[in-house]
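The next block holds one structure in the form of structure tokens; read it before the comments.
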Amino acid sequence: MYIYIVDDDDAVRESTQMLLQSSGLGAATSTFSSGEEFLAEDLLATSGCVLLDIRMPGMNGVEVLKKIREANSSLSVVMISGHGDIPKAVETMKAGAFGFVEKPFSDTEIISVVSEALQDSLSHEKEANQRQNAEEILAKLTPRETEVLKKLVQGLQNKIIAYELSISTRTVEVHRARIMEKLEARSLPDLVRLYFTAGLDTETLSQG
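So that you can map any letter, position 105 of the sequence shown is 105 in full-length UniProt numbering, and since no number is skipped, the others follow by simple counting.
Printed below as a string of structure tokens:
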């Protein structure tokens, strides 16, 4: 886990880094003087917390936040705002920021919000890993087995699946057995759970 401090104010960067390094959070900290500098390091695939100042020369914090979210990064973003930036900070939360702190912030406040953001990032990283694993498992299926799986997840009976796919009920049963074996599923609920963990939803089902 990492903590990235992105702020054009040297004093804020240095003092915040010293505080977080001595807080016992157990995360490595790095500082950046601009949004461009941070994005140039290609760190969006890592997990952790980004303390991101809203007002910076060049690329502002809102623009950097959008880049982070567009990359589907597991990083949790905490916006650093001045008093006049509160409405903008609230707007960034709607755009995917985890939270915001107002300058001047207390030691207790910044440690607390960063700790919560690190936990949030860890949860997102775990979900992303689970989704990737589920996608890899489902990729083992043939196109026909995938069609049958979609019907099973919709709750259709074997005979209905057979009718809709113009195959015999026995063939559906064979496909179902192979699906269970390939996916190492013990029950239909296991199949449903795996299907949705992979990020497939009812909209996808209706297209099948």
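No residue lacks a Cβ here, since even glycine has one placed at the ideal position from N, Cα and C. Model, not experiment: these values are computed from the prediction.
Exposure of tyrosine 163, with buried meaning 16 or more beta-carbon neighbours within 10 Å: If you number the sequence shown from 1, residue 163 lands on position 163. Flag for tyrosine 163 reads exposed.
Based on the DSSP secondary-structure assignment, which residues constitute the bridge partners of tyrosine 2? On the sequence shown, residue 2 is found 2 positions in, with the first residue counted as 1. Ala28 and Gly48, per the DSSP bridge assignment.
Name the residue from Asp8, Leu65, Ile3 and Gly24 whose alpha carbon lies nearest to the alpha carbon of threonine 46. Along the sequence shown, one-based indexing puts residue 46 at 46. Considering only alpha carbons, the answer is Ile3.
Could you tell me if threonine 16 is buried or exposed, where buried requires 16 or more neighbouring beta carbons within 10 angstroms of its beta carbon? In the sequence shown, counting from the first residue as 1, residue 16 sits at position 16. When all chains shown are included, threonine 16 counts as buried.
Could you tell me which of Leu19, Lys66, Ile167 and Ser23 sits nearest to glycine 35, measuring between CA atoms? As a first step, residue 35 must be located in the sequence shown, where it is residue number 35. It is Lys66.
Where isoleucine 110 sits in the DSSP three-state scheme: Along the sequence shown, read from residue 1 onward, the residue named residue 110 stands at position 110. If DSSP states are grouped into helix, strand and coil, isoleucine 110 belongs with the helices.
Going by DSSP, what residue range makes up the alpha helix (DSSP H) through serine 76? On the sequence shown, residue 76 is found 76 positions in, with the first residue counted as 1. No alpha helix (DSSP H) contains serine 76, which is instead part of the beta strand (DSSP E) from 76-81.
Straight-line Cα distance separating glycine 82 from valine 90: Walking along the sequence shown from the start, residue 90 turns up at place 90. Walking along the sequence shown from the start, residue 82 turns up at place 82. Their backbone Cα atoms lie some 12 Å apart in a straight line.
According to DSSP, residues forming a beta bridge with valine 101: In the sequence shown, counting from the first residue as 1, residue 101 sits at position 101. The partner list for valine 101 (beta bridge, DSSP) reads Ile80.
Please classify glutamate 203: does DSSP put it in a helix, a strand, or coil? For the purposes of this step, residue 203 is taken as residue 203 along the sequence shown, with counting starting at 1. Here the model assigns glutamate 203 a pLDDT of 45, short of 50, so the residue's position is not dependable, and the following value carries that caveat. Helix at glutamate 203.
On the criterion of 16 or more Cβ atoms from any shown chain inside 10 Å, does arginine 170 qualify as buried, or is it exposed? By 1-based counting over the sequence shown, the position of residue 170 is 170. It is exposed - the Cβ of arginine 170 has fewer than 16 other Cβ atoms within 10 Å.
Helix, strand or coil, according to DSSP, for aspartate 190 in the structure here? Counting from 1 along the sequence shown, the entry for residue 190 is found at position 190. In the structure shown, aspartate 190 sits in a helix (DSSP, three-state: H, G or I).
Anyone know if the C-beta pair for leucine 51 and valine 78 falls short of 7 Å? For the purposes of this step, residue 51 is taken as residue 51 along the sequence shown, with counting starting at 1. For the purposes of this step, residue 78 is taken as residue 78 along the sequence shown, with counting starting at 1. Result yes, Cβ atoms of leucine 51 and valine 78 sit closer than 7 Å.
For the region 19-29 against the region 105-124, do three or more pairs of beta-carbon atoms, one drawn from each stretch, fall closer than 8 Å, so that the two count as touching? By the Cβ rule, the region 19-29 counts as touching the region 105-124, because three or more pairs are nearer than 8 Å.
On a CA-only basis, which of Val172, Glu136 and Lys159 is nearest glutamate 147? Give me that one, please. Within the sequence shown, residue 147 is the residue found at index 147, counting from 1. Ranking Val172, Glu136 and Lys159 by Cα distance to glutamate 147 puts Val172 first.
Would you check if the distance between the CB atom of histidine 124 and the CB atom of serine 168 is smaller than 7 Å? Here residue 124 corresponds to residue number 124 of the sequence shown, with the count starting at 1. Here residue 168 corresponds to residue number 168 of the sequence shown, with the count starting at 1. No, the Cβ-Cβ distance between histidine 124 and serine 168 is not below 7 Å.
Looking only at its own chain, which residues have a Cβ that is under 8 Å from the Cβ of lysine 151, when we skip the five neighbours before and after it? Here residue 151 is taken as the residue at index 151 of the sequence shown, counted from 1. So the qualifying residues of the chain are Ile160, Ile161, Glu164, Leu165 and Gly208.
Starting from glycine 35, trace the alpha helix (DSSP H) in both directions and tell me its first and last residue. Here residue 35 is taken as the residue at index 35 of the sequence shown, counted from 1. 35-40 is the span of the alpha helix (DSSP H), which, as asked, contains glycine 35.
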